[in-house]
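Per UniProt numbering, residue 1 is the first one in the sequence shown, and the count goes up by one each step. Right, one structure below, let's go through it.
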Amino acid sequence: MIVGIDPGLARVGYGVISRGDRYPTPLAFGCIETGSDRSTSQRLREVYDRISAILDEHEPAWVAVEQLFFTRNVTSAMHVSEARGVLLLAAEQRGIPIAEYTPNQIKQAVTGSGRADKHQVQEMMRRLLRLQEIPKPDDAADGLAVALCHMNMLRYP
């Protein structure tokens, strides 16, 4: 079982998948949202507590996390990196191995193109995981994509 995480401070997308008989099976996915009316430290604590509960419930063999990528907004990147820190800490405290992938690696692994847009990733998650509807919000689809990327890497090292 793999938990994939798309880190952020306002929204953390996550997806939990397992290796099915023939196809990967989604067990859970969603988005941890924190309110901007709260302090950064309160929001980080909420992210930590909620991801900890997910890790404790599912007891994954791996946690896969999207690497930080930013071009312009340094303040936003700092908040995302702080959130990544608490996410990595939660996995490390439980002794769960961590894999990290760039956004392009993830898109390439699940769509065949490192330039895929959010909708293409959502649609491929619907198809590859045999879901009735596209996973929403897009952060949840990204969490599933990170998990599926790692599952593919484990299969083809």
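We put the beta carbon where it would ideally sit given N, CA and C, even for glycine. These numbers were taken from a predicted model, which means no experiment stands behind them.
- Of PRO135, LYS118, ALA83, the smallest CA-CA separation from ARG11 is found for ALA83.
- Separation of the CB atoms of GLN105 and CYS149 is rounded to 7 Å, and the pair is thereby assigned contact status at 8 Å.
- Between ILE96 and VAL63 the beta-carbon gap is near 5 Å, inside 8 Å, which marks them as a contact.
- Between the region 54 to 61 and the region 37 to 45 there are fewer than three C-beta pairs closer than 8 Å, too few to call the two in contact.
- Note that the C-beta distance between GLY4 and GLY15 is below 7 Å.
- The three-state reading of DSSP puts ILE54 in helix, counting H, G and I together.
- Annotated three-state conformation of ASP6 is strand, per DSSP.
- When secondary structure is reduced to three states using DSSP, THR111 falls in the helix class.
- Per DSSP, the unbroken beta strand (DSSP E) holding GLY13 starts and ends at 11 to 19.
- LEU89 and ARG38 have their C-alpha atoms some 21 Å from each other.
- Minimum Cα-Cα distance from PHE29 among the listed residues ARG155, ARG50, SER81 corresponds to ARG50.
- Within its own chain, the residues whose Cβ lies closer than 7 Å to the Cβ of THR34, once the five positions on either side in sequence are excluded, are LEU9, ALA10, ARG43, GLU46, VAL47, listed in chain order.
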